[in-house]
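Worksheet: the structure to be examined is printed underneath.
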Amino acid sequence: MTGANTGIGKYTALGMVKAGYFVVLACRSEERGTQAIDDIARLLAGVKVESDAKEDEGSKGKKAEEKDKGKEEDKGEAKKDEKQDQELKKWKAQMRVMQLELADLDAVRKFATEFTQEYSSLHCLILNAGKSSCSSQAHEIDH
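FYI, our numbering numbers position 70 of the sequence shown as 70, with every residue one higher than the one before it.
As structure tokens, then:
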């Protein structure tokens, strides 16, 4: 899937993963693709995504009160964290980032070669990436 690291593409990838598909996020930036995988896994596991975890002033006071409740809750939290980690790993295992620069046909050929070496089939191709600017330079395609 191209354009899967942001916006509608990220939520389309989320839906595909949730439906049981293995999704390859073909992204220009491996770093942003990896962040998208983390975000998607967190959403599917029910863990707050960093961009969604903004605190309001009222929640700061609640957190101070919660700290005083005792260490027994720490054990429960540790089990909860372990379960969340397992959930995150499960969802992340259904995704992979592969770098792809669509404006460079040599990079597209390299991507296709790596993909076909790694995977025996492709069941669905979602082309979501947009082109922000068009070049007047023509690209020659070898057949």
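Glycine included, C-beta positions come from ideal geometry on N, C-alpha and C.
Practice item. Go to V155, then tell me how far its beta strand (DSSP E) extends in each direction, as first and last residue. Key: This structure gives no information on residue 155, because the portion of the chain shown stretches from 1 to 143.
Practice item. Report all residues from its chain with a CB closer than 7 Å to the CB of E30; omit the five preceding and five following residues, and keep chain order. Key: Taking the first residue of the sequence shown as position 1, residue 30 is located at position 30. So the list reads V97 and Q99, once near-sequence residues are dropped.
Review point. According to DSSP, is T12 helix, strand or coil?
Key: On the sequence shown, position 12 is the one that residue 12 refers to. The answer is helix: DSSP assigns T12 an H, G or I state.
Exercise for review: Taking Q35 as the reference, give the member of A4, Y21 and A78 with the closest Cα.
Suggested key: In the sequence shown, the residue the question calls residue 35 occupies position 35. Relative to Q35, the option among A4, Y21 and A78 whose CA is nearest is A4.
Practice item. Measure the Cβ-Cβ separation of M16 and V23 and say whether it is below 8 Å. Key: Against the sequence shown, residue 16 aligns to sequence position 16. Against the sequence shown, residue 23 aligns to sequence position 23. Their beta carbons are under 8 Å apart, which means M16 touches V23 by this criterion.
Review point. Using the beta-carbon count (16 or more within 10 Å), is C27 buried or exposed?
Key: Residue 27 sits at position 27 when you count from the first residue of the sequence shown. Buried.
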